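This report refers to the structure that appears directly beneath it.
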Amino acid sequence: MTFARNAWYVAATPDEFADKPLGRQICGERIVFYRGPGDQVAALEDWCPHRGAPLSLGRVVEGKLVCGYHGLEMGCDGKTVAMPGQRVRGFPPIRSYPVLERHGFVWVWPGDAAQASADKLPALPWADNPQWAYGGGLYHIGCDYRLMVDNLMDLTHETYVHATSIGQKEIDETPCQTRTEGDEVVTSRFMNGIGAPPFWQMALRMNGLPTDQPVDRWQICHFTPPSHVMIEVGVALAGRGGHAAPPQAKASAWVVDFITPETEHSIWYFWGMARHFKPHDPSLTTQIRDGQGRIFAEDREMLELQQRNLLSHPERKVLSLNIDAGGVMARRIIERIVAAERAAAPAAA
Amino acid sequence: MTFARNAWYVAATPDEFADKPLGRQICGERIVFYRGPGDQVAALEDWCPHRGAPLSLGRVVEGKLVCGYHGLEMGCDGKTVAMPGQRVRGFPPIRSYPVLERHGFVWVWPGDAAQASADKLPALPWADNPQWAYGGGLYHIGCDYRLMVDNLMDLTHETYVHATSIGQKEIDETPCQTRTEGDEVVTSRFMNGIGAPPFWQMALRMNGLPTDQPVDRWQICHFTPPSHVMIEVGVALAGRGGHAAPPQAKASAWVVDFITPETEHSIWYFWGMARHFKPHDPSLTTQIRDGQGRIFAEDREMLELQQRNLLSHPERKVLSLNIDAGGVMARRIIERIVAAERAAAPAAA
Amino acid sequence: MTFARNAWYVAATPDEFADKPLGRQICGERIVFYRGPGDQVAALEDWCPHRGAPLSLGRVVEGKLVCGYHGLEMGCDGKTVAMPGQRVRGFPPIRSYPVLERHGFVWVWPGDAAQASADKLPALPWADNPQWAYGGGLYHIGCDYRLMVDNLMDLTHETYVHATSIGQKEIDETPCQTRTEGDEVVTSRFMNGIGAPPFWQMALRMNGLPTDQPVDRWQICHFTPPSHVMIEVGVALAGRGGHAAPPQAKASAWVVDFITPETEHSIWYFWGMARHFKPHDPSLTTQIRDGQGRIFAEDREMLELQQRNLLSHPERKVLSLNIDAGGVMARRIIERIVAAERAAAPAAA
């Protein structure tokens, strides 16, 4: 395994299983998500103990997950509750995963349940704050999750991959600083007195600010384990304090990236943006999400073909330049955590 | 191999090779079916002895199968008859398979030809009887053929998989009896004084019977090796004798399931229904076939994902409950037959 | 490896990378083609030395190939020229392939660059001659390149595969002669006083000749390593000298087949026709190319299913008949060349 297991991963958004259970592979485990008793989210192995059918093809009846093949009823603890015409006491339990619904996401803990606790959820500075609005989406991408961490911890790629939206020459020309704070890695870049690229012109306009004046732009990428990257981004009218400028002089947001391994070489990529302006304008949320969706789709082909190249040449080393420092430090933290998990549970598969 | 080879399997329906030869993999063997001399069905290895081209891309000329690449002409015994500009005496023969056309199906014997004989064909009670009409179709499904045998020998799944057509709660609530008679397994369930589900309401209506009265319903599943499942099904107006009721008080049929392994994990599934009412109404045949096709398509996703689950966890055991007795007994018979074949021909591939 | 590496292969036509770089796998190597300094064609490994991204997703700026991920700039010699904010002296070079643009094709040499020279390009008798016109296309086919060589060195298949266009019974009935001249294999067949098949009737008509009179037809296939097959084809009014008839009494052409291995079991197949009549009629070029494209597409299914058959039975031998002599002799030459390459570079992968 190349990923940590004792951690909260974003598994889904609640709308994905509003009508019927959702089967999804997370960190190599096939899991079914549904609403159990009291509408609480439940996560079970996607395996009926009767004959191995996928429970995700079933339906929920009074908080129990009823297998769609022969009607076996599962409790959210992984124990069989009932089955037509059968005594179920001796049925082998299936695995139940710690799961939480928080901040608009469903979080699952694929590792040791005893170590799971809500206080290990990442803090989302904008969440549950009416001054902020959030919109986002989900992409499936065929690459190692660490390639996406690399991608997000080095935003120079915006100049090339996203040339027509958020890229601009000054990103390349401005060095970034990278530091670690415990298990967090922070890469920041500040570009002052530059022109705003198209995406940020839109944001300025939506915020009632002029689009033809110089701005100070910032990008502050925060990696936290297991594989979350949250990025403070924004522009302020030049000379008004940049990142610290008052709200009425800037357009600022968090770019949100929850990267969840599906397998060793594929991910569920939950992306989005939390903005700190016009939070009560849902059409603006839609507009930004659509724009961001187009931009982030541009990364997909690059990452999948990079992955194909790397798999063709496992013997080759890639370079670790200054711009790669964020990804490199993040990988070091990941490796340390994975090694510690392996040491603690040497017999695990 | 997990399947018997010395047995008749349904390979095709005659319409599938009316215009040109049909290439199809049966029990792991690539076979070409066509009409040879006197319009008799022939089955050969789908391999031209010249350069290994698939003979199924060829055409039939005067009862000979002419390779579509360089014109080699095959006889239905697997010997090369002629080739333009060549002497063909020394050409290696290809395998010829015992094949029969009977009851609207083409049957092939993939194993030892010396053991094949027409009297080993299964008896089809309705066939060649003008009182009965048959309609059916073919599905390709990515699962071990035994998962489909399990499926059909335990009809409690109808309650869940086919809830809107033939499923009803009483199936679940009524125990089934299972017995073996030699190599045959019979699972039967009788439900008396119940309401007819939608499919059977239609059948009653087509048969001129009321649809709003209680009925006695029956399901009698017959497994015979290698992997045929034929099911007596029907409803009679309640109290008129059920399965034994006179024709004018019931709607009855045979559900026909010929399950032919393509590979270890995929099947050709020939399904159909022979009915004992209004046999001369082709539009009713079409209507029933379309309905049955929709119902049986509901099983496909379940079986393919069940197969995926089982392959992911080869170490796991599944349960064998009372409702599974039919499938379990069928598997025992299959295992005995396969073991006997292996013992008789230990050197075979 | 089953293919020679120290040879010129057709990799692309120039229009394929007119707008942006072209990534293509040739002889198992992923290569990017683009126009470098002075619009010269360049061919590099499709691998950015920074992080392994595919350079083919980049763009060309002032003759340098700029990686589409982080802006690294490659020279056509495989050395990194520049990267924003980086010193690149220590960057590992990537492989640069000898490449030439000649006769409307881009030729690449996947093996030892020291052995590449323009005088090893095949001679194309019609190229750069205004009396001739060329049109062609590209197919991707899932087969060993040698199966396509076999196909083209034995045109008896035209009778069967291309029955409605260029096939005719007389091809089968007329023996062919095969000989080797050094590394060249020549298979020829002359059919005199026959009717012209549909394709050649069209060619006669386009050439102002009658289509209802007997013709002398010829097919002279030339194999040259590594895997080029060029075929002189044509028809002349009967008794006017056949292949040697004066231009006004015949319709003649070269069928051009450059077969480039992509992998061991797939090819890029550059096919076309150079004709010696009405060379200045582009609509005729289009018409002939469309017709040839339809004919050559007929081979694809046959070759892919033949390949599947052969892979299923690696233990089987195929026959080598008189009509196969061209392919057999070509394979012998190929084997000798591959063995010599292997002996010269025993340590190569």
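Here the protein sequences line up with chains L, Z and F, keeping their order.
Under my numbering, the first residue of the first sequence carries the number 558, and numbering increases by one thereafter.
Under my numbering, the first residue of the second sequence carries the number 558, and numbering increases by one thereafter.
Under my numbering, the first residue of the third sequence carries the number 558, and numbering increases by one thereafter.
All C-beta atoms in this analysis are idealised placements derived from N, C-alpha and C, irrespective of residue type, glycine included.
Quick caveat: nothing in here was measured; it's all calculated off a predicted structure.
Distance CB(residue i)-CB(residue j) smaller than 8 Å
i, j, result
"ILE852/Z", "HIS719/Z", "yes"
"ARG616/Z", "GLY635/Z", "no"
"ASN879/F", "PRO611/Z", "no"
"GLY595/Z", "ARG587/Z", "no"
"LEU622/Z", "HIS607/Z", "no"
"THR744/F", "THR735/F", "yes"
"THR781/Z", "GLU741/Z", "yes"
"GLY694/L", "TRP828/L", "yes"
"ALA810/F", "ARG846/F", "no"
"TYR626/F", "TYR717/L", "yes"
"LEU761/F", "VAL792/F", "yes"
"HIS660/Z", "ALA684/Z", "yes"
"MET748/F", "ILE728/F", "yes"
"ASP701/F", "ASP881/F", "no"
Cutoff 8 Å: residue i Cβ touching any chain L Cβ
i, result
"PRO687/F", "no"
"PHE648/F", "yes"
"ASP729/Z", "yes"
"LEU612/Z", "no"
"PRO641/F", "yes"
"PRO732/Z", "yes"
"GLN863/Z", "yes"
Member of the options whose CA lies at the smallest distance from the CA of residue i
i, options, result
"TYR826/Z", "VAL567/Z, GLU586/Z, ARG746/Z", "VAL567/Z"
"TRP666/L", "PHE574/L, TYR654/L, HIS660/L", "TYR654/L"
"VAL656/Z", "GLY724/Z, PRO571/Z, VAL895/Z", "PRO571/Z"
"GLY848/Z", "LEU862/Z, MET830/Z, HIS837/Z, GLN864/Z", "MET830/Z"
"PRO650/F", "PHE756/L, ARG873/L, MET763/L", "ARG873/L"
"MET705/F", "GLY642/F, VAL790/F, LEU860/F, MET759/F", "LEU860/F"
"PRO818/Z", "ILE583/Z, ARG888/Z, PRO578/Z", "ILE583/Z"
"SER877/L", "GLU573/F, VAL618/F, TRP683/F, GLN643/F", "GLN643/F"
"ARG774/L", "GLY750/L, SER674/L, PHE834/L, PRO732/L", "GLY750/L"
"MET787/L", "LEU681/L, ALA902/L, TYR626/L", "LEU681/L"
"MET640/L", "HIS660/L, VAL618/L, MET748/L", "VAL618/L"
"ILE816/L", "GLY647/L, ALA575/L, ALA599/L, TRP664/L", "TRP664/L"
"THR559/Z", "GLY620/Z, ALA902/Z, THR820/Z", "THR820/Z"
Any chain Z beta carbon closer than 8 Å to residue i
i, result
"ARG608/L", "yes"
"ALA906/L", "Confidence in ALA906/L is poor, its pLDDT being 43 and thus under 50, which makes the residue's placement unreliable; the coordinate value appears in the next sentence. Not an interface residue."
"GLY859/F", "In the sequence under discussion, the amino acid at residue 859/F is Met, which differs from the Gly named in the question. So, interface residue."
"ASN866/F", "yes"
"ARG873/F", "yes"
Any chain F beta carbon closer than 8 Å to residue i
i, result
"HIS627/Z", "yes"
"GLU630/L", "no"
"ASN563/L", "no"
"ARG746/L", "no"
"GLU892/L", "no"
Cβ-based neighbour list, residue i, same chain, cut-off 7 Å, excluding 5 preceding and 5 following
i, result
"ASP603/Z", "GLY580, ARG587, ILE588, VAL589, PRO611, LEU612, SER613"
"LEU766/L", "LEU794, ALA808"
"ALA906/L", "At ALA906/L the pLDDT is 43, less than 50, meaning the model places this residue with poor confidence; the figure from the coordinates comes in the next sentence. There are no such residues."
"GLY883/L", "MET710, ASP711, THR735, VAL742, THR744, CYS778, PHE780"
"GLN672/Z", "ASN563"
Neighbourhood of residue i by C-beta, 6 Å cutoff - its chain only, sequence neighbours within 5 removed
i, result
"PRO783/L", "ALA561, ALA564"
"GLY632/Z", "VAL638"
"ARG746/Z", "THR731, CYS733, GLN776"
"PRO871/F", "none"
Residues of its chain near residue i, where Cβ-Cβ distance is below 8 Å and the 5 sequence neighbours each way are ignored
i, result
"ARG797/L", "ASP773, PRO803, ALA806, LYS807"
"GLN770/Z", "LEU794, ALA795"
Query - Near-chain L residues of the segment 694–719 of chain Z (beta-carbon distance less than 9 Å), N- to C-terminal order - result: LEU704, ASP707, ASN708, ASP711, THR713, HIS714, THR716, TYR717, VAL718
Report task. Could you run through the segment 875–890 of chain Z and flag, in chain order, every residue whose CB is less than 8 Å away from some CB of chain L? Result -> The segment 875–890 of chain Z vs chain L, Cβ under 8 Å: VAL875, LEU876, LEU878, ASN879, ILE880, ASP881.
Requested in this report: Please name the residues in the segment 658–673 of chain Z whose beta-carbon is closer than 9 Å to at least one beta-carbon of chain L, in chain order.
Outcome: none
Report task. Compile a chain-ordered list of the residues in the segment 575–608 of chain F whose CB is closer than 9 Å to at least one CB of chain L. Result -> GLY580, ARG587, ASP603, TRP604, CYS605, PRO606, HIS607, ARG608
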